[in-house]
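Numbering (full-length UniProt numbering), first residue to last: 1 to 143. Ideal Cβ placement from N, Cα and C applies to all residues, glycine included. As the structure is a computational prediction, the values presented were derived from the model and not from experiment. Notes for the one structure printed next.
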């Protein structure tokens, strides 16, 4: 079998659903490939998996509402025909979202000459770097 759309590595924010594909075809004059067999971290899926968390439909495996603490994983799929078996794999990396921890008041009353505090602080996944961008003076930006 030949992959038309095989599993691929993905990086997503926590809370998202992630879909892996295992769509294969056979060469001309060969029988179609089998329905994909799915594995999660090398373990075959079956009745023991959480069907609310892992949804297998047709040639897709969906991991629902991913969380960094428990869903960094790799999936594998295999398809077979008379010529042999083809394997594909894709890994999932989950990033923590940006969380604003300190921000200025949405509305402030300011008199000419007043000093205002526009402090903003945020956290994000440790593998990422935050960048701040301010818009002011008719949406001209500064960093």
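Of the other Cβ atoms in all chains shown, 16 or more fall within 10 Å of the Cβ of residue 21; this residue is therefore buried.
For residue 25, the secondary structure class from DSSP, reduced to helix, strand or coil, is strand. Comparing C-alpha distances from residue 79 to each of 128, 88, 72, 71 shows the shortest one belongs to 88.
The C-alpha of residue 130 lies about 8 Å from the C-alpha of residue 123. Around residue 33, the same chain offers 1, 24, 25, 26, 79, 80, 81, 86 as residues with beta carbons nearer than 8 Å, after the five sequence neighbours per side are excluded. Inter-residue distance for residue 44 and residue 37 is about 8 Å (C-alpha atoms, whole angstroms). Contact check for residue 73 against residue 18 fails: the beta carbons are separated by 7 Å or more.
With respect to the C-alpha of residue 8, the residue from 110, 77, 100 having the closest C-alpha is 77. When secondary structure is reduced to three states using DSSP, residue 50 falls in the coil class, being assigned neither helix nor strand. CA-to-CA, the gap between residue 63 and residue 132 works out to about 32 Å. The residue among 113, 105, 4, 95 with its C-alpha nearest the C-alpha of residue 59 is 4.
For residue 122, the enclosing beta strand (DSSP E) has its first and last residue at 121–123. If you draw a straight line from the Cα of residue 6 to the Cα of residue 30, it comes to about 19 Å. Just so you know, the alpha carbons of residue 120 and residue 111 end up roughly 22 Å apart.
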